[in-house]
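Report on the structure given below.
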Amino acid sequence: MAEPSIIHKGRPRPGAARASKRSPGTYVLRVLVIAYLFFLVAWPVYLVGRNAFARGLTDLGAILSDPYTVYSLELTLWIAVASVAINTVFGVGISLLIVRFRFVGKRVLNALLDLPLSVSPVVVGLALVLVYGGRTGWFGPTVQRWGLTVIYDVPGMILATTFVSLPLVIREVIPVLQEVGDEQEQAARTIGANGLQTFFRVTLPAIRWGVSYGVVLCLARSLGEFGAVKVVSGNIYGETRTATLTVENEYLNFDKGGAYATAFLLTLVAVAALLVASLARNAPSRARSAPSRGRDVTEQPRQPEERR
Amino acid sequence: MTAQTAVSARPVRSRRSGPPSRPQRSRSDGHPLGLTSGLGLGVGVLWFSLLVLIPLAAIVVTASQGGWHAFWQAITNGETASAIELTAGAAALVTIVNVIMGTVIAWVLVRDRFFATRVLEFLIDIPFALPTIVAGLVLLSLYGPRSPVGWNIANTRTAVFVAFLFVTLPFVVRAVQPVLAEQDREAEEAAASLGAGRFTVFRRIIVPGLAPAIAAGGALSFARAVSEYGSLVLLSGNLPNRTEVTSVRIITFIEGDRLDNAAAVAVVLLLISLVVIVAVDLLQRSVVRRG
Numbered sequence: 001m002a003e004p005s006i007i008h009k010g011r012p013r014p015g016a017a018r019a020s021k022r023s024p025g026t027y028v029l030r031v032l033v034i035a036y037l038f039f040l041v042a043w044p045v046y047l048v049g050r051n052a053f054a055r056g057l058t059d060l061g062a063i064l065s066d067p068y069t070v071y072s073l074e075l076t077l078w079i080a081v082a083s084v085a086i087n088t089v090f091g092v093g094i095s096l097l098i099v100r101f102r103f104v105g106k107r108v109l110n111a112l113l114d115l116p117l118s119v120s121p122v123v124v125g126l127a128l129v130l131v132y133g134g135r136t137g138w139f140g141p142t143v144q145r146w147g148l149t150v151i152y153d154v155p156g157m158i159l160a161t162t163f164v165s166l167p168l169v170i171r172e173v174i175p176v177l178q179e180v181g182d183e184q185e186q187a188a189r190t191i192g193a194n195g196l197q198t199f200f201r202v203t204l205p206a207i208r209w210g211v212s213y214g215v216v217l218c219l220a221r222s223l224g225e226f227g228a229v230k231v232v233s234g235n236i237y238g239e240t241r242t243a244t245l246t247v248e249n250e251y252l253n254f255d256k257g258g259a260y261a262t263a264f265l266l267t268l269v270a271v272a273a274l275l276v277a278s279l280a281r282n283a284p285s286r287a288r289s290a291p292s293r294g295r296d297v298t299e300q301p302r303q304p305e306e307r308r
Numbered sequence: 309m310t311a312q313t314a315v316s317a318r319p320v321r322s323r324r325s326g327p328p329s330r331p332q333r334s335r336s337d338g339h340p341l342g343l344t345s346g347l348g349l350g351v352g353v354l355w356f357s358l359l360v361l362i363p364l365a366a367i368v369v370t371a372s373q374g375g376w377h378a379f380w381q382a383i384t385n386g387e388t389a390s391a392i393e394l395t396a397g398a399a400a401l402v403t404i405v406n407v408i409m410g411t412v413i414a415w416v417l418v419r420d421r422f423f424a425t426r427v428l429e430f431l432i433d434i435p436f437a438l439p440t441i442v443a444g445l446v447l448l449s450l451y452g453p454r455s456p457v458g459w460n461i462a463n464t465r466t467a468v469f470v471a472f473l474f475v476t477l478p479f480v481v482r483a484v485q486p487v488l489a490e491q492d493r494e495a496e497e498a499a500a501s502l503g504a505g506r507f508t509v510f511r512r513i514i515v516p517g518l519a520p521a522i523a524a525g526g527a528l529s530f531a532r533a534v535s536e537y538g539s540l541v542l543l544s545g546n547l548p549n550r551t552e553v554t555s556v557r558i559i560t561f562i563e564g565d566r567l568d569n570a571a572a573v574a575v576v577l578l579l580i581s582l583v584v585i586v587a588v589d590l591l592q593r594s595v596v597r598r599g
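Chains as they are written, first to last, in the numbering used here: chain A, 1 to 308; chain B, 309 to 599.
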């Protein structure tokens, strides 16, 4: 089996780009790909930028001076920060457990953790309404008696956002944990460090780039969540309307300039996330060893059988 | 630019690579759980159940409450059936386009590196990173009523197709790219030296190696297309029987307080995701085994 290291990512592998002799077919394909991406992605994205500034800075100024839009931006940010915090703590914890410990059901848990990415956002919203809905939900009435409204309020929006972005940190942290191994952790233990000390002084520094990359992905996803939040938020003007919901409402209310300006801000955030993520990905500690990105911890026990 | 910056990517790459027997991993299966780690696992699983497992179970339970007959009626009633048909049809068509274009794009990115490769890499990641509602607006600006070149496809079935195409762009590319980069070029050179034409090399050497990755990427793009919602809200007009897709149908049911019907349609979507997860897993195992 070819050791799939170094080769994986964008960089040309030595020898891979030696297609010095290009045939006409190569150029046909190149032009085809450029045209496809131009019409599908580049031009439309450019037009959003242009539409946002169609009247100079008027539209951008208008949304930034509208208290409700500003509120929706702030709300989006706080919900995203809360979700990222929850998912980071949960993600790092569960990744450590999956990689470093053995327990019954590990394989199942590992598979289930990927589930949220495959579920339609609308279905996520519906699922949360069915359980936490104030009137008819399974737990909704109970939780409401404790004085907490989940659905049609901020807690539900945080839950929905957390749900859809749940696996992103885990998927980045697990392969890094596997790669760094546990020799250093064991060494720290032998010289008397306790669990917390080992975690904060050995494990966390070793996986920090994986965690950062996961956090950036998670943040970008959280800021942009639409479908799930739409279902659980009730979309109440000035209360539970996030930035993405604002884009929809502005557009439907014929405030196209406002919609494009808000969309432009969200696009900027997304592009920034892409750039930061690529920095985290190329970070020194991962540069050499990035590719072992498998979630295949749980495949380990199966190996002996396969060899037989 | 690194290849995968997938904001909502599914685990195509993550799972397939990684030599199965790295020394530090094969040495220990992990420690047995202690008090703290056991407690941590308990809290983690409890949170995961409250957030994900119980709510998803609630969908299945709610859908099955009325019995099989009610479930069947909910998903075969006129508008719902036509929404499912449109969604599945458009998703299948998009998957075919992605299988072809995604492979071509991956080939160009890996084998034909030229000055704009990094720009193309960046463009491919954009659909992952953009919020879906913004994706809808983005497409609307070129393919909507204010299109500078007069291509107005808003509120048509073509709009559904284009929106799916946009949001699923990265899947096949990102699945095929690493496999293509790892593929042994000596076999191609050997085949060429034995007199095989370019097309024969492509068909007999390159495609068989890529097939599992292409299939996995295709499955993921199908699943993503079927569950798409945000990008269609503004673009497709959500006209019942014409451009209404399954997710919009669910929203309509929720807003009409028909949670049981919404759950029935959601079960169909969940089943599709489940089939895709299993299929992708099997395909990726076959990739790993081939090594």
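Beta carbons: idealized from backbone N, C-alpha and C, even for Gly.
Interface residues of chain D around Gly-352 (chain B) at Cβ under 8 angstroms? Chain labels in this structure do not include chain D; the protein chains are A and B.
Classify Gly-25 (chain A): buried if its beta carbon has 16 or more other beta carbons within 10 angstroms, exposed otherwise. exposed
Q | Where Pro-456 (chain B) falls, given that 16 or more other Cβ within 10 Å makes a residue buried | A | exposed
Contact check, Thr-395 (chain B) vs Val-553 (chain B), beta carbons under 8 angstroms:
yes
Per the DSSP calculation, Arg-102 (chain A) is bridged to which residue(s)? B:Pro-340
*Just tell me which of B:Phe-469, B:Ser-390 and B:Gly-458 has its CA closest to the CA of Asn-406 (chain B).*
B:Phe-469
Legend entry - Thr-246 (chain A) beta carbon less than 8 angstroms from that of Ser-83 (chain A): no
Find the residues of chain B that neighbour Arg-100 (chain A), judging by a C-beta separation of less than 7 angstroms, and give them in chain order. Gly-338 and His-339
Checklist entry - What do you get for Glu-179 (chain A), buried or exposed, if any count of 16 or more other CB atoms within 10 angstroms of its CB means buried? => result buried
Does any residue of chain A have a CB that is nearer than 8 angstroms to the CB of Ser-390 (chain B)? no
- Task: Under 8 angstroms by Cβ, that's how I've got Gly-444 (chain B) and Leu-582 (chain B) pegged, so tell me the actual separation to the nearest angstrom.
- Result: Wrong, their Cβ atoms sit about 27 angstroms apart, outside the cutoff.
message: So the candidates are B:Ala-498, B:Val-446 and B:Pro-486; which of them puts its Cα closest to the Cα of Val-475 (chain B)?
response: B:Val-446
Give me the chain B residues within the contact set of Thr-26 (chain A), using Cβ-Cβ distance strictly less than 7 angstroms, ordered along the chain. Asp-420
Original post:
Does the pairing of the region 201-213 of chain A with the region 252-259 of chain A give three or more beta-carbon distances under 8 angstroms?
Top reply: no
### Task
Report the residue from B:Ser-449, B:Thr-344 and B:Thr-384 whose alpha carbon sits nearest the alpha carbon of Phe-101 (chain A).
B:Thr-344
Beta-carbon spacing of Val-164 (chain A), Ala-228 (chain A) below 8 angstroms:
yes
For Tyr-152 (chain A), I'd like the list of residues in its chain whose CB is within less than 8 angstroms of its CB, leaving aside the five on either flank, ordered along the chain.
Gly-134, Val-232, Ser-233, Gly-234, Ile-236 and Thr-240
Might you give, ordered along the chain, the residues of its own chain that have their beta carbon closer than 8 angstroms to the beta carbon of Ile-441 (chain B), omitting 5 neighbours on each side?
Gly-538, Ser-539, Val-541 and Leu-542
| task | List the endpoints of the continuous alpha helix (DSSP H) containing Glu-490 (chain B). | result | 477-490
Alpha carbon to alpha carbon, how far is Thr-136 (chain A) from Trp-415 (chain B)? Give it in angstroms, no decimals. 52 angstroms
Inset, instruction - Locate the alpha helix (DSSP H) running through Gly-214 (chain A), then write down its first and last residues. - result: 204-224
### Message
Looking at chain A, is there any beta carbon in it that lies within less than 8 angstroms of the beta carbon of Ala-500 (chain B)?
### Response
no
Contacts that Ser-23 (chain A) makes with chain B (C-beta to C-beta distance below 9 angstroms):
Arg-506
- Return the chain-ordered ranges of every alpha helix (DSSP H) run that is complete within the region 495-525 of chain B and spans a minimum of 4 residues. 506-509
Kindly list the residues whose CB is nearer than 8 angstroms to the CB of Leu-97 (chain A), restricted to its own chain and excluding five residues on each side of it in sequence; keep chain order.
Phe-103
(request) Any chance you could list the alpha helix (DSSP H) runs of at least 4 consecutive residues sitting entirely within the region 225-250 of chain A, in chain order? (result) 227-233
Whether Thr-242 (chain A) touches Thr-76 (chain A) by CB criterion (8 angstroms): yes
At a CB distance below 7 angstroms, what residues from the region 185-204 of chain A approach chain B? Give them in sequence order.
Gly-195
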